[in-house]
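If you read the protein sequences in the order shown, they are chains A and B.
Per numbering that gives the first Met the number 0, the first sequence starts with residue 0, numbered consecutively.
Per numbering that gives the first Met the number 0, the second sequence starts with residue 0, numbered consecutively.
Cβ atoms here follow ideal geometry from the backbone N, Cα and C, with glycine treated the same way.
The structure appears below as structure tokens.
Number of protein chains: 2
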Amino acid sequence: MAPMSGRPVRGSKTGRPIMALLDLLGRRWTLRVIWELRDGPRTSRALREACDDVSPTVLQARLTELRQANLVGLERARGYDLTPLGRELLGAVLPLYDFAERWAAGALPRKG
Amino acid sequence: MAPMSGRPVRGSKTGRPIMALLDLLGRRWTLRVIWELRDGPRTSRALREACDDVSPTVLQARLTELRQANLVGLERARGYDLTPLGRELLGAVLPLYDFAERWAAGALPRKG
DNA sequence: GACTCCGCTATGAAAATCGTAGCGATATTG
DNA sequence: CAATATCGCTACGATTTTCATAGCGGAGTC
Numbered sequence: 000m001a002p003m004s005g006r007p008v009r010g011s012k013t014g015r016p017i018m019a020l021l022d023l024l025g026r027r028w029t030l031r032v033i034w035e036l037r038d039g040p041r042t043s044r045a046l047r048e049a050c051d052d053v054s055p056t057v058l059q060a061r062l063t064e065l066r067q068a069n070l071v072g073l074e075r076a077r078g079y080d081l082t083p084l085g086r087e088l089l090g091a092v093l094p095l096y097d098f099a100e101r102w103a104a105g106a107l108p109r110k111g
Numbered sequence: 000m001a002p003m004s005g006r007p008v009r010g011s012k013t014g015r016p017i018m019a020l021l022d023l024l025g026r027r028w029t030l031r032v033i034w035e036l037r038d039g040p041r042t043s044r045a046l047r048e049a050c051d052d053v054s055p056t057v058l059q060a061r062l063t064e065l066r067q068a069n070l071v072g073l074e075r076a077r078g079y080d081l082t083p084l085g086r087e088l089l090g091a092v093l094p095l096y097d098f099a100e101r102w103a104a105g106a107l108p109r110k111g
């Protein structure tokens with residue numbers, strides 16, 4: 000079941016929105032799918048390629064969850080696309096990109 | 000293996016920093032652990048309680064990955080704590096909280 | 001020594017993810 | 001119409017990850 004406000008959330012007894020969101024984003028490929036939709040709609044197969052040939056089983060599961068959460072939509076002519084709400088989420092995810100660059104420079108292996 | 004710049008990244012042929020980061024954050028409990036360290040250090044057991052009694056197997060795996068990635072540190076007196084780099088990541092994750100609140104208001108179930 | 005809390009591990013069961021193949025529907029082209 | 005191609009999506013067995021419970025050895029305290 001896709002986590003969503005007002006529904007039971009896996010791994011959280013409070014069910015607060017942030018917990019539902021962290022649950023959703025903590026599933027494999029969820030963040031990646033949102034990321035790969037940043038420049039516009041993609042068909043499911045194009046999305047699969049963009050995600051390094053992720054298994055279609057998982058991709059469909061993620062897309063279904065994201066659609067139920069009203070973050071991603073599907074139109075026959077366009078394919079999968081971020082909803083306005085999904086674009087807001089993307090905006091909240093974009094800071095990760097800049098961080099990743101700093102991280103690459105500063106997280107080189109050192110003794111644990 | 001914990002994803003890190005310059006190392007092979009699960010599910011990405013490019014190995015770009017953002018891919019390594021999305022891989023790391025897409026593992027269950029990773030985002031939650033970072034979130035629960037936002038107010039300061041915690042012992043592993045306190046962290047386990049804060050994460051709704053997550054299995055210690057996974058918690059230790061996540062903490063090891065986060066330490067190897069230089070995002071979390073461990074000191075005997077304090078427990079686990081975000082490193083300066085980890086605090087930067089937290090800053091990039093905080094926007095998710097505000098989004099989650101809007102999401103809770105606007106993502107109520109509607110027809111598919 | 002007895003007690004407590006620490007970080008951490010063992011182990012078998014359950015769940016999630018993977019990899020490959022292919023379905024039915026739709027549109028296009030000859 | 002038949003052949004072809006692409007679409008979203010599913011089946012299914014193998015692999016990997018996560019879970020749940022129990023407990024270890026070390027360090028501090030009394």
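query	result
Status (buried if at least 16 other CB within 10 Å, exposed otherwise) for Ala104/B	exposed
For Gly90/A, the first and last residue of its enclosing beta strand (DSSP E)	That residue, Gly90/A, is in no beta strand (DSSP E); its alpha helix (DSSP H) goes Pro83 to Val92.
Neighbouring residues, chain B, relative to Ala45/A (Cβ below 7 Å)	Simply none; closest approach about 16 Å.
Nearest-angstrom Cα separation, counted from Ala19/B out to Ala49/A	15 Å
Burial state of Asp97/B (16 or more Cβ within 10 Å)	exposed
Closer than 7 Å to chain B by CB, Pro40/A	no
Contact belief for Ile17/A with Leu95/B at Cβ below 8 Å, rounded distance in angstroms	7 Å
Best match in Ile33/B, Arg86/B, Ala91/B and Val92/B for proximity to Thr63/B [C-alpha to C-alpha]	Ile33/B
Beta carbon of Val92/B nearer than 7 Å to that of Tyr79/B	no
Cβ-based neighbour list, Arg77/A, same chain, cut-off 7 Å, excluding 5 preceding and 5 following	Pro40
Buried or exposed (CB count within 10 angstroms, at least 16 for buried), Lys110/A	In this prediction, Lys110/A has a pLDDT of 34, which is less than 50 and means its spatial position is unreliable; what the coordinates show is noted afterwards. With fewer than 16 Cβ atoms within 10 Å of its Cβ, Lys110/A is classed as exposed.
Residues that Arg41/B bridges to, as DSSP identifies them	Tyr79/B
Pick from Glu100/B, Gly90/B and Thr82/B that is closest to Leu88/A, judged by C-alpha positions	Glu100/B
Chain-ordered neighbours of Gly25/A on chain B, where CB pairs are closer than 9 Å	Leu24, Gly25, Arg26, Arg27, Trp28, Thr29, Leu30 and Arg31
Residue span of the alpha helix (DSSP H) that contains Leu30/A, given as start and end	Thr29 to Glu35
Residue interval of the beta strand (DSSP E) (run including Val57/A)	No beta strand (DSSP E) holds Val57/A; the alpha helix (DSSP H) holding it covers Pro55 to Gln67.
Chain A within 7 Å of Tyr79/B, Cβ atoms only	no
Test item: CB-CB of Thr82/A and Asn69/A under 7 Å	yes
Residue-chain proximity (Glu87/B, chain A), Cβ-Cβ < 7 Å	yes
Chain A contact for Pro55/B (CB, 7 Å cutoff)	no
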